[in-house]
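Residue numbers (my numbering): 78 to 372.
Just so it is clear, CB atoms sit at the ideal spot from N, CA and C, and this is done for glycine as well.
What follows is a set of notes on a single structure, which appears directly below.
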Amino acid sequence: MTCSVLLASLNSIILRKFKNKTFTTPGDSFFFNGGLSCIWAVIMLFWFFASGDRAISSTAVMFGAIYGVILCMFLFFKNESIASGPVSLTSLIGNCAFIIATWFGVVYVPERISIFQLVGMALIVVALFLCINPKKSAEKLTAKWFIYCVAFFFAGGFIGIFYKIFGKSAAASEVNGMMLTASVVSCVLFFIVGMIVNKAAKVPMPTIKKDSLIYILLSGITGCVYIRLNVSLSAIIPSPIFFPVANGGIVIITTMAGALMFKEKLNKIQIWGVIVGLFAIVVTGCGEFLWNLMY
78 MTCSVLLASL NSIILRKFKN KTFTTPGDSF FFNGGLSCIW AVIMLFWFFA SGDRAISSTA
138 VMFGAIYGVI LCMFLFFKNE SIASGPVSLT SLIGNCAFII ATWFGVVYVP ERISIFQLVG
198 MALIVVALFL CINPKKSAEK LTAKWFIYCV AFFFAGGFIG IFYKIFGKSA AASEVNGMML
258 TASVVSCVLF FIVGMIVNKA AKVPMPTIKK DSLIYILLSG ITGCVYIRLN VSLSAIIPSP
318 IFFPVANGGI VIITTMAGAL MFKEKLNKIQ IWGVIVGLFA IVVTGCGEFL WNLMY
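This is the structure in structure tokens:
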């Protein structure tokens, strides 16, 4: 779990360090993410054969194809939002996407929702209101960043919904086969869309610059491994422990990295927003558990 949190945080830091600095055409972003997906496919291919279970059912392939489309949205919007705004606030918004999957679980399973989850979600809304205020922000917050963050938030929510549906399916045990399929689908989609975008813009074919290769490699490795670990961890570690530690840990580490490495400045209101957001994550994830311990 420690490895997962560190790799997830490192992934955001790498993307912020890169900051799309080698892109010269609209399609370059899609080719960059296509490169990430290629790294995912290679890692999952090794993981698939190393697991010893080399069978992939048609159901797993179907779920993999669906996940590949969702993965495209998640990787693209995550990269664009981190590249265009503060990594600390972007991380907070992205890690609050669980509320979409939570409400879906209430309707789909159905799962019981506690008063602590309701309070926690209300606090998250307050936290986001405190953090996202362009007029009072110490960091420049653009409309472009806000749009990408909203898209990143929903893409993360769709992933949570997908995991809930996949976990109830007949292919739930075929995680490696599903993720391998998703990686290949995502890779193909990114390259096709990149070519279409540049053709529509009447600019040359997208390229992957030499200077971006190290970022593709590092971001691809960290992103693939932490998400694959999370799939297994979520089935092993109780939600009241996994959820607040994973999401809270990522927010804390990326906030510290934003201040120390990228000199991001948060005003007092935004700092309180991050604190409220962390508290909300803990309340939502383990409020009921802690209450039962005390009473």
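When the five nearest sequence neighbours on each side are left out, the beta carbons in the same chain lying within less than 6 Å of the beta carbon of I170 are those of C226, F230, in order along the chain. For S311, the uninterrupted alpha helix (DSSP H) run begins and ends at 290 to 313, by DSSP. About 11 Å separates the beta carbon of P283 from that of T99, a gap too long to meet the 8 Å contact definition. When the Cα atoms are used, G111 and S165 turn out to be separated by approximately 25 Å. The beta carbons of R131 and F125 sit closer together than 8 Å.
Taking a C-beta distance under 8 Å as the contact criterion, G197 and V360 qualify as a contact pair. Straight-line spacing of the CA atoms in I133 and G244 works out to 16 Å. Going by DSSP, K287 is part of no alpha helix (DSSP H) at all; its letter is neither H nor E.
Between L92 and the set G354, M333, L152, K241, the nearest pair of CA atoms involves L152. Judged by DSSP in its simplified three-state form, R189 adopts coil rather than helix or strand. At a cut-off of 3 residues, not a single continuous stretch assigned as beta strand (DSSP E) sits fully inside the segment 100 to 183.
Inclusion of I327 and N97 in the CB contact set at 8 Å is not warranted, their separation being larger than that value. The segment 107 to 123 and the segment 290 to 303 touch, with no fewer than 3 CB-CB distances between them shorter than 8 Å. Under the three-pair Cβ rule at 8 Å, the segment 272 to 283 does not count as touching the segment 154 to 163. Residue burial is scored here from C-beta neighbours: M121 has at least 16 other C-beta atoms within 10 angstroms and is therefore classed as buried.
Restricting attention to T219, F108, G233, the CA atom closest to the CA of F154 is found in G233. With a cutoff of 8 Å on beta-carbon distance, I147 and I236 are scored as near each other. Rounded to the nearest angstrom, the gap between the Cα atoms of G364 and Q194 is 8 Å. T136 places its beta carbon less than 8 Å from that of A247. Secondary structure note for K276: its alpha helix (DSSP H) is the uninterrupted segment 252 to 277.
Membership of A220 in the alpha helix (DSSP H) is indicated by the continuous run 220 to 244. Its chain contains G104, F107, F108, P283 as the residues whose beta carbon lies nearer than 6 Å to that of G271, once the 5 sequence neighbours on both sides are disregarded; these appear in chain order. For the set A85, G335, I293, L306, the Cα lying nearest the Cα of E216 is the one of G335.
Contact annotation: K241 and A178 have beta-carbon atoms nearer than 8 Å. Nearest to I348 by C-alpha distance, out of I329, C264, N88, is I329.
For S89, the CB contacts under 7 Å within the same chain, skipping 5 residues up- and downstream, are I159, V164, S168, T331 in chain order.
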